[in-house]
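See structure below.
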Amino acid sequence: MPDGAQKPPRKRLLADEPSPASIFLDVPNMPWEETKFPGIKCKTLCTDPSGLATLLLELEPGAVVPLHEHTAIEQTYVLRGHFLDEEGECLEGQFVWRPAGNTHVAWAGPEGATILSIFLRPNIFADGRKFFTEEG
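According to full-length UniProt numbering, the sequence shown is numbered sequentially starting from 1.
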């Protein structure tokens, strides 16, 4: 389609209504947000009322995600550094997923870590802290 040309809204396949628009983010220019966890910052890429969250997380060397339980599947891809828990470790380019009910402590290696994490619902933390995107 030529630059500047307007495309008519596409209709959904399963309903007689317009297709919702895509959301594009300029992630490199988004500010890092502080979290309730020392040494961990995030960029919230996607959230919805169900608790679904896609987060880009920056962990300083040795930063800890304290004891928590996953209430639904969690997926993490390591973009940079070293991300560990009691069960194993992921280096740059590696991926880990955890099923609902998995309970663990996670931390960044000595060089820190940048990770992309996808959660279907907020985690429950042993110390009562709220999840990164949960209000309250």
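For each residue, glycine too, the CB sits at the ideal point set by N, CA and C.
State the DSSP-derived secondary structure class of residue i, mapped to helix, strand or coil.
{"i": "PRO18", "result": "strand"}
{"i": "ARG129", "result": "coil"}
{"i": "LYS11", "result": "strand"}
{"i": "LEU116", "result": "strand"}
{"i": "PRO122", "result": "coil"}
Could you tell me which of the options sits nearest to residue i, measuring between CA atoms?
{"i": "residue 165", "options": "LEU59, TRP107, ALA126 and ILE73", "result": "Only positions 1 to 136 of the chain appear in the structure, and residue 165 is not among them; the question remains open."}
{"i": "ILE115", "options": "ALA63, TRP107, LEU79 and GLY128", "result": "LEU79"}
{"i": "HIS70", "options": "TYR77, ILE124, GLY81 and SER19", "result": "ILE124"}
{"i": "HIS82", "options": "ASN102, SER22 and LEU57", "result": "LEU57"}
{"i": "THR47", "options": "ILE40, ASP26 and LEU55", "result": "LEU55"}
{"i": "GLY93", "options": "ALA53, GLU86, ALA113 and ALA106", "result": "ALA113"}
{"i": "ALA21", "options": "PRO110, PRO28, GLY128 and LYS11", "result": "LYS11"}
{"i": "PHE119", "options": "GLY128, VAL96, LEU84 and ILE23", "result": "VAL96"}
{"i": "VAL64", "options": "PRO49, LYS36 and ASN29", "result": "LYS36"}
{"i": "LYS7", "options": "PRO18, GLY128 and ASP127", "result": "PRO18"}
{"i": "PRO110", "options": "PRO28, GLY39, ILE23 and ALA15", "result": "GLY39"}
{"i": "LYS41", "options": "SER117, ARG121, PRO122 and VAL105", "result": "SER117"}
Taking 7 Å as the cut-off, is the C-beta of residue i nearer than that to any heavy atom in the ligand SAH?
{"i": "LYS41", "result": "The ligand SAH is not part of the structure shown, which contains no ligands of any sort."}
**OP:** Pick out the complete beta strand (DSSP E) segments inside the region 22-110, 3 residues or longer, and give them in chain order.
**Re:** 40-47, 53-59, 64-69, 74-85, 88-91 and 95-98
Original post:
Touch check for the region 88-106 and the region 61-76: three-plus C-beta pairs under 8 Å?
Top reply: yes
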